[in-house]
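Residue 1243 in our numbering sits at position 12 of the sequence shown; the count goes up by one each step and never skips.
Glycine residues also receive a C-beta, built at the ideal position from the N, C-alpha and C atoms.
Predicted, not measured: the structure shown is a model, and the values here were computed from it.
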Amino acid sequence: MTMPLIRRQFLQAAAGATMSLPFAGAARAQAYPSRSVRVIVPVGAGGANDTSTRLIAQKLSESLKQQFYVENIVGAGGNIGMAQAMKAAPDGYTMLSVAPSFVINPTLNPKTPFDPMRDFAPVTLMCATPTVIVVHDSLGVGSIKALIALLKANPGKFSYSSAGTGTPANLAGELFKAAYGVDIIHVPFTGGGPAMNSTIGGHTPISFPALSTAAPSIVGGKVRGLAVMSPKRSLTLPDVPTMAESGLGDQQADVFVGVVLPAGAPRSVVDLLHREIVQALALADVKKRLAQLGFDPIGNSPDDFGAWIKAEVTKWAKVMREANIRLP
1232 MTMPLIRRQF
1242 LQAAAGATMS
1252 LPFAGAARAQ
1262 AYPSRSVRVI
1272 VPVGAGGAND
1282 TSTRLIAQKL
1292 SESLKQQFYV
1302 ENIVGAGGNI
1312 GMAQAMKAAP
1322 DGYTMLSVAP
1332 SFVINPTLNP
1342 KTPFDPMRDF
1352 APVTLMCATP
1362 TVIVVHDSLG
1372 VGSIKALIAL
1382 LKANPGKFSY
1392 SSAGTGTPAN
1402 LAGELFKAAY
1412 GVDIIHVPFT
1422 GGGPAMNSTI
1432 GGHTPISFPA
1442 LSTAAPSIVG
1452 GKVRGLAVMS
1462 PKRSLTLPDV
1472 PTMAESGLGD
1482 QQADVFVGVV
1492 LPAGAPRSVV
1502 DLLHREIVQA
1512 LALADVKKRL
1522 AQLGFDPIGN
1532 SPDDFGAWIK
1542 AEVTKWAKVM
1552 REANIRLP
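1) Assuming valine 1486 and threonine 1473 are in contact, meaning their beta carbons sit under 8 Å apart, how far apart are those beta carbons, in whole angstroms?
2) Could you pull out every unbroken beta strand (DSSP E) segment of at least 3 residues lying fully inside the segment 1450 to 1490, listed in chain order?
3) Applying the criterion that 16 or more other CB atoms from any shown protein chain within 10 Å of the CB defines a buried residue, is glutamate 1476 buried or exposed?
4) For glutamate 1507 and leucine 1291, which I take to be in contact (beta-carbon distance under 8 Å), what is that distance rounded to the nearest angstrom?
5) Quick one: what does DSSP say aspartate 1331 is sitting in, helix, strand or coil?
6) So the alpha helix (DSSP H) histidine 1505 belongs to, where does it begin and stop?
7) Less than 8 Å between the beta carbons of leucine 1406 and valine 1544, yes or no?
8) Are the beta-carbon atoms belonging to tryptophan 1547 and threonine 1338 less than 8 Å from one another?
9) Among residues of its own chain, excluding the 5 on either side of serine 1369, which ones have a beta-carbon nearer than 7 Å to its beta-carbon?
10) Just checking, does the segment 1292 to 1299 make contact with the segment 1525 to 1537 on the three C-beta pairs under 8 Å criterion?
11) Can you tell me the Cα-Cα spacing of isoleucine 1431 and serine 1392, whole angstroms?
12) Quick check on the DSSP output: the alpha helix (DSSP H) that includes valine 1305 runs from which residue to which?
13) Name the residue from Ile1271, Ser1283, Val1354 and Phe1299 whose alpha carbon lies nearest to the alpha carbon of asparagine 1310.
14) From this set, Leu1378, Val1488, Ala1538 and Ala1513, which residue's C-alpha is nearest serine 1332's C-alpha?
15) If I measure Cβ to Cβ from threonine 1284 and keep anything under 7 Å in the same chain, skipping five residues before and after, which residues do I get?
16) Which runs of the beta strand (DSSP E) fall wholly inside the segment 1314 to 1399 and span at least 3 residues, in chain order?
17) Can you give me the Cβ contacts of alanine 1496 inside the same chain, cut-off strictly under 8 Å, excluding the 5 residues immediately before and after it?
Rendered as structure tokens:
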């Protein structure tokens, strides 16, 4: 081979390599994540939503080698934080942790600035805890069927507590009333703690809290757990039957934690985050911590989570319309 030919082949190869450099650089620039990711939690620090989200954010930081940091943005029942997430660039660098307010607020509060299905891209339903129907022993009932029979025989005599108007416990109570044709008086409190204390004290002898909230009181014998409003029993308290097992149909009311991105986020980013979160949920230490919080891991697909969000919005909108629940 002559020297001119060798030189020409070398220059062609070098030129090809040089031309490919911008494309290689672009590929590296597009790799996700290439910087820190903000995870908005629209409630205060310390609750189950915040704690479970921080747990998964830490696992994402470890697996994806970038910091996933939680930012608590509170106010307006979660609407301020959720609106900020909606307005963020749809590039995967802002995630939103969502809870029941995500599917309740659009109907409950006419000032809600977002649509859960239009303005966000679902990633996964991370974990959930069912609503549990609890009663004070003074009612003298040992099963959910006995409770319904008692309520039917005494319309308007008994009351149930909740953490406030439009909260998951309030909506679960109204769903229960409509499904089984019973009349119970709603007594709203300012928070789940006072609501549970009222039931423990027998003042409002019925309540519909999240199992994660009620479990210590049930285990401690302060209240009796009659049934969970869920398709299957909870891993936290497996001895509490479902409504369906009691022959009363499948009335579902879950308190959940999920992850969404701003609408328009690349599907590749959605799929990557979904895969990493599902892997994190399978870790023994994650499952143990979620169990301590009273939550069961889920990790469904983005499409399934999207369908679930739509169904939840529809279900709770119907409950609120029929019970005339709406903020001014």
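Taking the geometry as given:
1) A Cβ-Cβ separation of about 16 Å leaves valine 1486 out of contact with threonine 1473 under the 8 Å criterion.
2) For the segment 1450 to 1490, whole beta strand (DSSP E) runs of length 3 or above, ordered along the chain, are 1455 to 1460.
3) Classification for glutamate 1476: exposed.
4) Yes, glutamate 1507 and leucine 1291 are in contact; Cβ-Cβ is about 6 Å, under 8 Å.
5) Reading off the sequence shown, one finds proline at residue 1331, where the question assumed aspartate. If DSSP states are grouped into helix, strand and coil, proline 1331 belongs with coil.
6) Taken as a continuous stretch (DSSP letters only), the alpha helix (DSSP H) holding histidine 1505 covers 1498 to 1512.
7) Going by C-beta atoms, leucine 1406 is not nearer than 8 Å to valine 1544.
8) Between tryptophan 1547 and threonine 1338, the CB-CB gap stays under 8 Å.
9) These residues qualify, in order along the chain: Gly1433 and Pro1436.
10) Look at the beta carbons and you see the segment 1292 to 1299 not touching the segment 1525 to 1537: under three pairs across the two are nearer than 8 Å.
11) Distance between isoleucine 1431 and serine 1392, taken at the CA atoms: about 11 Å.
12) Per DSSP, valine 1305 lies in no alpha helix (DSSP H) and is assigned neither H nor E.
13) That would be Ile1271, whose Cα lies nearest to the Cα of asparagine 1310.
14) Ranked by Cα distance from serine 1332, the options Leu1378, Val1488, Ala1538 and Ala1513 are led by Val1488.
15) Closer than 7 Å at the Cβ level, and outside the excluded window around threonine 1284, lie Val1270, Val1272, Val1301, Ser1328 and Val1488.
16) Whole beta strand (DSSP E) segments, 3+ residues: 1325 to 1329, 1351 to 1366 and 1390 to 1393.
17) These residues qualify, in order along the chain: Pro1321, Asp1322, Gly1323 and Ala1352.
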